[in-house]
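Here the structure is laid out as structure tokens; the discussion comes afterwards.
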Amino acid sequence: MPVTHDSDVPQEPAATGITPLDEHRERNADEAAVREIVGQIQQTGVEFVYYQTVSLTGRVLGKVVPARHLHRNLERGVNMHRTAVADLQVTREGALLGGGTQAPEFTALPDLDTFAVLPWDRTVARFFCQVYEPEHLPEVGGRHLAHDARGNLKRVHAAFTERTGLHLRTGCEPEMSWLGEGLKVRVRPGSSPSYHADCLELMRPIYQRVIRYAQQLGFDMVEGDYEDPGQLELNWNFDHADRTADRLVTYRQICRQVARELGVTASFMPKPFTGMMGNGCHHNFSVWRGEENVLADPAVRELHLTETGRHVLGGVLAHAAGSMALMGPTVNSYKRYWDVGQFAPAQINWGMDNKTCTVRLSANGRLECKLPDASVNPYLSHAALIAAIQDGLDNGIDPGEPHSGDSTDASVSKFGPLPLTLGDALNAFAADEVVRSSMPEEMAELYLALKHDEWARFCGAVTDWERDMYTEALP
Ligand SMILES: NC(=O)CC[C@H](N)C(=O)O
């Protein structure tokens, strides 16, 4: 069943009630929590605070404010211009996105539980914020900003928990490419340096700093390895999906910081090189009722799914095509699926520990969705997963039988084909009412405008591949 968002329902006159911004301000007045933060600021010598929000494409936006204004910022937040959330102000056809330059600013209020001191400069701390319409606007003032993907995930997740008593826990596995002086490796044709300890050694200064910084920011780092040339995957423990999404965004910030320190480039581009593995960001997920994982029966050892687990999986598969534009959000994302044999899926199916499938039952109680890549906005991908799971549970969707063997062959899926260009994925998203309902309609429209623009720019761009292919100069 589609989710309802407060920016989709008719506006209440502000005078009749407390706005969501008022409620957030009330939470920020929690004396014990504020005292704890002030204590940390004083003890650590924090002088500056970043108030961060996340744009629709997953970029971190922020303002820096001297720490002595903390109390004012907890109450009044910071303002930024709403076009920043849209990431793009004017489409190639001249349409203004995010309201255009004349639109009012938004108000971002910090979430107390996201306070953290930056390990690379302990005079700086950060908060993640939720975003509201400014209070001075008639009728909408104090409401959630429809384009705030982070706040939206919290609301979609809370509504799911309220309806079902369940919550989603996830672990993301971002892969990434490190480029720069001294990082090149040469491999024999047809071979891969995956898991090679010598290559991992080459990356020692990088992984050491990333893991240390992440641990200091509260990540429970668990393991990492070298994959294709220049590619690292460093994982941390799974958690409530809202926290995992914040961590993925923070992880990308950590990596970019390490890259600046070491004079190299950290890239989360989904598919930097043809013939080499792409940068996936598989989402491992499980569904919990309190401390009970409802995907598995603890008494059964062999790989299996409970009936509820089958419906969860069925929902995710049924909406795989519709959610693709969120899981693979860039033009480049789709190169990852086309370049076969590189461990990225190309069909909508599932398998028991089968890495060629869209969803892999990777352990009892844990499903792994392999669609997302490292450029994903985790707030959008997680909200889409929740909407798909809800639909699977509501309608008892059957996932069918697990696929065995290599699924990159052309077998037809009961859930239809996976859209394999950004353009097709956007059409599938536009047509999938359930996935679309994972965000307010205004956000869905902005996302479609933004991404159609990206697709159109790509379709109109002449590439090196075309020059190689078509600039024949035969005598
Ligand atoms: N570790 C792996 O399974 C490789 C995943 C692969 N890099 C991807 O793009 O999804």
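Residue numbers for the sequence shown follow the working numbering, so the first one is 333 and each next one is one higher. Cβ atoms here follow ideal geometry from the backbone N, Cα and C, with glycine treated the same way.
1. So what does DSSP say about N727, is it helix, strand or coil?
2. Check each residue's C-beta against every heavy atom of ligand 1 and list, in chain order, those closer than 5 angstroms.
3. Sorted by chain position, which residues of the same chain lie with C-beta nearer than 7 angstroms to W787's C-beta, five sequence neighbours on each side aside?
4. For the 8 angstroms Cβ check, are there 3 or more pairs between the segment 452-460 and the segment 376-386?
5. When you compare each of A781, F447, G622 and T493 to V422 by their alpha carbons, which one comes out closest?
6. According to DSSP, what are the bridge partners of V542?
7. Can you tell me whether A706 is helix, strand or coil according to DSSP?
8. Apart from the five residues just before and just after K486, which ones in its own chain have a Cβ nearer than 6 angstroms to its Cβ?
9. Nearest-angstrom Cα distance between F551 and A678?
10. How big is the Cα-Cα spacing for V378 and H401?
11. If contacts are defined as beta-carbon pairs under 8 angstroms, then N611 and S694 qualify, I think. What distance do you get, rounded to the angstrom?
12. How far does the alpha helix (DSSP H) with G646 in it reach, from first residue to last?
13. Going by C-alpha distance, which of C613, N625, A653 and G724 is nearest V811?
14. Quick check on the DSSP output: what are the complete alpha helix (DSSP H) runs of length 4 or more inside the segment 535-597, in order along the chain?
15. Go through its chain and collect everything with a Cβ distance to L420's Cβ below 6 angstroms, but skip five positions before and after it.
16. So who's on the other strand from L441, going by DSSP bridges?
17. Output the distance between the C-alpha atoms of L406 and A416, rounded to the nearest integer angstrom.
18. Shortest alpha-carbon distance to L500 belongs to which of W682, N681, L649 and L627?
19. So, under 8 angstroms CB-CB, L388 and A418 are touching, yes? Tell me the CB distance rounded to an integer number of Å.
20. Can you check whether the CB of W568 is closer than 8 angstroms to the CB of M322?
21. Could you check whether G473 and T351 sit closer than 8 angstroms to each other, using their CB atoms as the reference points?
22. Taking only runs of the alpha helix (DSSP H) that begin and end inside the segment 465-513, which ones reach a length of at least 4 residues, in chain order?
23. Who are V396's beta bridge partners in DSSP?
24. Quick check: L450 and I369, are their CB atoms within less than 8 angstroms of each other?
25. Exposed or buried, which one is G607 when buried takes at least 16 other CB atoms within 10 Å?
26. How about L712 and R621: do their beta carbons lie closer than 8 angstroms?
27. Does the segment 716-734 touch the segment 639-655, meaning 3 or more C-beta pairs lie closer than 8 angstroms?
28. Would you call L699 buried or exposed, if buried means 16 or more other Cβ atoms sit within 10 Å of its Cβ?
29. In or out: T803 buried (at least 16 other Cβ within 10 Å) or exposed?
30. Suppose you measure from the CA of R789 to the CA of Y779; what does that come to, to the nearest Å?
31. Could you pull out every residue in the same chain whose Cβ sits closer than 6 angstroms to the Cβ of H337, ignoring the five residues on either side in sequence?
32. Between the alpha carbons of S526 and S745, how many angstroms are there, rounded?
33. Since L353 and T439 are thought to touch, with beta carbons under 8 angstroms apart, how far apart are those beta carbons, to the nearest angstrom?
34. Do V708 and F661 count as a contact pair if the criterion is CB distance below 8 angstroms?
Looking at the coordinates:
1. In the three-state reduction of the DSSP assignment, N727 falls in the coil class, being assigned neither a helical nor a strand state.
2. The answer, residue by residue, is M609, G610, G612, F675 and A676.
3. Result list for W787: V663, L754, G755 and L758, in chain order.
4. The segment 452-460 is in contact with the segment 376-386.
5. For V422, the nearest C-alpha among the options comes from A781.
6. The bridge partners DSSP lists for V542 come to none.
7. Residue state, collapsed to three classes: coil.
8. Its chain contains D574 as the residues whose beta carbon lies nearer than 6 angstroms to that of K486, once the 5 sequence neighbours on both sides are disregarded; these appear in chain order.
9. Straight-line Cα distance between these residues: approximately 32 angstroms.
10. Near 12 angstroms, if we compare the C-alpha coordinates of H401 and V378.
11. Not quite, the Cβ-Cβ distance comes to about 19 angstroms (not below 8 angstroms), so this is no contact.
12. Here the alpha helix (DSSP H) through G646 covers E639 to A650.
13. This structure leaves residue 811 out entirely; the chain is present only between 333 and 807.
14. Taking 4 residues as the shortest admissible run, the segment 535-597 contains the following complete alpha helix (DSSP H) segments, listed from N- to C-terminal end: 536-548 and 573-594.
15. Contacts found: L429 and L782.
16. L441 is bridged to Q462.
17. One alpha carbon belongs to L406, the other to A416, and they sit about 21 angstroms apart.
18. Out of W682, N681, L649 and L627, the CA that lies nearest to the CA of L500 is found in L627.
19. 6 angstroms between Cβ atoms; contact.
20. Absent from the structure is residue 322, since the part of the chain shown begins at 333 and ends at 807.
21. The Cβ-Cβ distance between T351 and G473 falls below 8 angstroms.
22. Counting whole runs of 4 or more residues, the segment 465-513 contains the alpha helix (DSSP H) stretches 481-496.
23. V396 is bridged by DSSP to Y382.
24. In this structure, I369 does not lie closer than 8 angstroms to L450 by Cβ.
25. Burial call: exposed.
26. 8 angstroms or more divides the Cβ of L712 from the Cβ of R621.
27. Touching, yes.
28. Flag for L699 reads buried.
29. Taking all protein chains shown into account, T803 has fewer than 16 neighbouring C-beta atoms within 10 Å of its C-beta and is therefore exposed.
30. Rounded to whole angstroms, R789 to Y779 spans 15 angstroms at the Cα level.
31. So the list reads P772, once near-sequence residues are dropped.
32. Between S526 and S745, the C-alpha separation is close to 31 angstroms.
33. At roughly 7 angstroms, the Cβ-Cβ gap stays under 8 angstroms, so L353 and T439 are in contact.
34. The amino acid at residue 661 is misidentified as Phe; the sequence shows Pro. Closer than 8 angstroms, so yes.
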